[in-house]
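Student: Position one of the sequence shown corresponds to residue 3 (the numbering used here), numbered consecutively onward. Cβ atoms here follow ideal geometry from the backbone N, Cα and C, with glycine treated the same way. Mind having a look at this structure? Questions to follow.
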Amino acid sequence: MTSLSVAKSLSSQEPSVRLTSDLMNTSAKFQVHFDIEVNYLFEGSARYFFGRTDWNLPERRLVAFWGTTPHRLVDVSANARLATLRIPLVDYLQWESPKPLFEGVFENGVIIEPVELTAPQRMDRWLLEYASEDPNLRMAALLEMQAAMLRSQVAVPARKTSSTANSEAEPVMVMCKYITANLTESLTSSDVADIAGLHPNYAMRLFKRLTGMTIQEYVVHSRMANAQRLLLRSKESVEEIGEKAGFQCASQYYATFKKFTGYTPLQFRKRHLS
């Protein structure tokens, strides 16, 4: 694996680029994060399991999605050259994307170029620029990727699967979807397990094994991502956003936000909208 920069957290604050040409990225554990993930397959073949479906990555076309849906590579050919970029949520929110593109990503959709629009040479340049410490080069790469994604509002053809791994993942997908749709509710691990028809202890073990985080960690990260999105995309007050994001009390909201970002919600809004 050739690593330019690897994100170390569920919600990165810095750009992340990974370029791989081997099978190291295939595993039984799903990836869950709160960045926008962009994949580009230069050559070879690669198959993704995403949500309840799996599909082959098309060659030489951008594929983008929000990482909150559990996903993983299940098969990569020996000759594959695959680039994966993680765009921090804050960067994506500042794009001020048109509504169809913006909502497509945040409703657990996948955006894919309908035809080969992004040439490999251009993608190579974006990888270098996005991994650069020069903010101007990084911004140039982001703007060009945004333009490419605006041309790519086409759903990915997906097919249902029936493997053991996928049948195990089904209740995890149900739990993730329920959490995302009910962030303003008081979500206990037992409540979430009930939705999937599982015993709480088994549900917690399964969720942790497949996603790498506990149910409650996923709840907190989802609320944080929702709060960041609303702070930068709405004109509501900081207090109203805390409630809409699902935080049960103001002190919890402020403490969690400061822990995750290093800023208060108001400081975060001013810093990224200035």
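For Tyr50, which of helix, strand or coil comes out of DSSP?
Tutor: Note: Tyr50 maps to strand in three-state DSSP.
Student: Below 8 Å, can you find three or more Cβ-Cβ pairs linking the segment 243-258 to the segment 225-232?
Tutor: Enough Cβ pairs lie closer than 8 Å, so yes.
Student: In three-state terms, what does DSSP make of Arg74?
Tutor: Strand.
Student: Can you name the start and end residues of the beta strand (DSSP E) that Val112 belongs to?
Tutor: Segment 112-114, the beta strand (DSSP E) holding Val112.
Student: So Arg83 is in the beta strand (DSSP E); what residue range does that whole segment cover?
Tutor: First-last of the beta strand (DSSP E) with Arg83: 83-89.
Student: Go ahead and pull the three-state DSSP assignment for Ala167.
Tutor: Residue placement at Ala167 is poorly supported in this model, since its pLDDT is 46, which falls under 50; the coordinates are not used for a value here.
Student: How many angstroms separate the CA atom of Glu238 from the CA atom of Gly264?
Tutor: Cα to Cα, the separation comes out at about 21 Å.
Student: Is Gly69 buried or exposed, if buried means 16 or more other CB atoms sit within 10 Å of its CB?
Tutor: Buried.
Student: Rounded to whole angstroms, what is the Cα-Cα separation between Ser47 and Ala82?
Tutor: Roughly 6 Å between the two C-alpha positions.
Student: Candidates Arg124, Gln148, Glu135, Leu129: which alpha carbon is nearest Ile114's?
Tutor: Of the candidates Arg124, Gln148, Glu135, Leu129, the one whose C-alpha sits nearest the C-alpha of Ile114 is Gln148.
Student: Identify every residue that forms a DSSP beta bridge with Tyr42.
Tutor: The partner list for Tyr42 (beta bridge, DSSP) reads Leu64, Ala85.
Student: Check whether the segment 174-182 touches the segment 135-152, taking contact to mean three or more Cβ pairs, one atom from each stretch, closer than 8 Å.
Tutor: Verdict: no, contact absent.
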